[in-house]
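Its first residue numbered 1, the sequence shown is counted upward by one per residue in the UniProt record's numbering.
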Amino acid sequence: MATTPVITNVAWYGTGKIGLQALNHLASTSLFNITILVRKDPSTYTIPSTVKARQIDLTSHSSLVEALTGIDAVVVFSSFEPGHQQDILQIALINAAIAAGVKLFIPSEWAPDTPGGYGVSKDVEDGGFGRISQTALGPTAVAGTKRAVHNYLLARSVEGSGLSFVSIHVGLMPEVLGLKIFAKFDMDKRIAYLPDGGIPRFSIASHETLQKALVAVLQTYPSNKNSFLYFRDGETNYLEIMELIEKASGKPWTVESFSLAKQKKIADANLREGKFGWDEFVGVLSVWFVGGLTVWKNVDNERLGLEAPSDEKGRRLLEDTVKKFLQG
């Protein structure tokens with residue numbers, strides 16, 4: 001006997017590249033009634049015809065509560081870049097969601113393990129006490145907005161608010177980030193400047209896997225509530241990516257190295273002085289994304305009905321990314 005889904009009405013916030021692609025996929029499933037929350041005139045957005053648009057004022061708690069009344073789940077895709085105040089935006093939505101009786105909040109995460117939840121042993125019998133993961137970075141302003149949201153959701157989830165959460169992590173998405181954010185390339189001279197020589201490994205996932213993970217989380221609620229979930233398609237490093245670049249281009253490349261530790265040290269010094277721009281942002285995030293901290297072995301793919309990670313799947317994803325990279 002089929003069970004009645006708990007989540008049917010979804011409110012969506014986020015109209016950037018990642019968010020709109022995920023919205024289009026969610027709408028294509030016809031499993032949910034979706035309302036997208038926008039700050040500008042709804043007519044200025046290109047959204048699926050089945051999605052209802054509602055203009056909101058993030059500074060008005062009462063209007064947000066009204067917009068979220070009758071909603072089962074809120075999904076957020078907001079910018080993590082400097083100056084976007086991702087925490088203030090999401091906490092306003094969380095407070096309104098609680099007042100409106102929303103069941104589930106999925107924060108804007110979709111990347112590395114910013115909360116430090118991967119690999120944590122939650123049971124004493126397993127040899128651990130729920131200590132923060134050894135692959136997590138220490139306190140840093142770069143992750144401050146995300147951690148503020150995680151902690152706020154954790155606190156509210158045990159205070160009888162009625163609101164639970166799921167945080168979805170997919171590591172590095174080559175289709176979205178490309179290859180040039182965490183490494184540098186001189187295309188004319190065919191020189192690649194790789195972080196720590198391109199040796200550290202990292203998990204990768206496609207946008208399709210993110211989309212499927214999101215649908216699975218919504219469909220399986222409440223079985224995975226109040227948790228941090230991790231997904232990947234494969235694993236690689238920049239040296240393997242360079243092999244694909246040389247094979248696809250038919251030309252040799254020179255590889256040079258730069259230090260992630262030195263880059264982060266400079267970024268940390270600037271952050272302590274209150275300077276937070278793109279260089280500081282990337283200087284810290286590079287360690288998380290491609291510094292060997294995002295190597296996930298025991299992921300949640302199969303537990304939520306997704307295809308298991310494989311070398312073949314990861315390679316296909318990288319081959320497509322390399323093709324776009326060489327095309328400019």
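Glycine residues also receive a C-beta, built at the ideal position from the N, C-alpha and C atoms.
Small disclaimer: the values here were computed from a predicted structure and weren't measured.
Counted as a single uninterrupted DSSP element, the stretch harbouring Trp296 is not any beta strand (DSSP E), since DSSP gives it neither H nor E. Here the alpha carbons of Thr69 and Leu23 stand approximately 20 Å from one another.
Taking C-beta separations shorter than 8 Å and ignoring five residues to either side along the sequence, the partners of Arg201 in its chain run Glu235, Thr236, Asn237, Gly292 and Val295, following chain order. The stretch 95-103 and the stretch 36-49 do not touch, with fewer than three beta-carbon pairs separated by less than 8 Å. Inclusion of Pro112 and Gln90 in the CB contact set at 7 Å is not warranted, their separation being larger than that value. Here DSSP, grouped into helix, strand and coil, assigns Arg272 to helix.
Counting of Cβ neighbours within 10 angstroms places Ile199 among the exposed residues, the total staying below 16.
For Tyr13, the enclosing beta strand (DSSP E) stretches over residues Asn9 to Tyr13. Listed as beta-bridge partners of Asp186 by DSSP are Ile191. For Gln85, no alpha helix (DSSP H) segment is defined, and its DSSP state is neither H nor E. Look at Gly283 here: in three-state DSSP terms it is helix.
Under the 8 Å Cβ criterion, the stretch 217-237 counts as touching the stretch 309-323, having at least three qualifying pairs.
Note on Ile88: under 16 other CB atoms within 10 angstroms of its CB, so exposed under the neighbour-count rule. Leu210 is the residue among His61, Val322 and Leu210 whose C-alpha sits nearest the C-alpha of Leu26.
Shortest Cα-Cα distance from Asp186 to any of Ile94, Ala155 and Val255 involves Val255. Taking the C-beta atoms as reference points, Gln21 is found no nearer than 7 Å to His169. Classified as buried, His150 has 16 or more neighbouring CB atoms from the shown chains inside 10 Å of its CB.
Leu179 is the residue among Val65, Ser223 and Leu179 whose C-alpha sits nearest the C-alpha of Ser286. Burial check for Asn298: the Cβ neighbour count within 10 Å stays below 16, so the residue is exposed. DSSP links Ala99 through a beta bridge to no other residue. Look at Ser167 here: in three-state DSSP terms it is strand. Relative to the Cα of Ser28, the nearest Cα in the group Ser49, Ile36, Ile18 and Ala136 belongs to Ser49.
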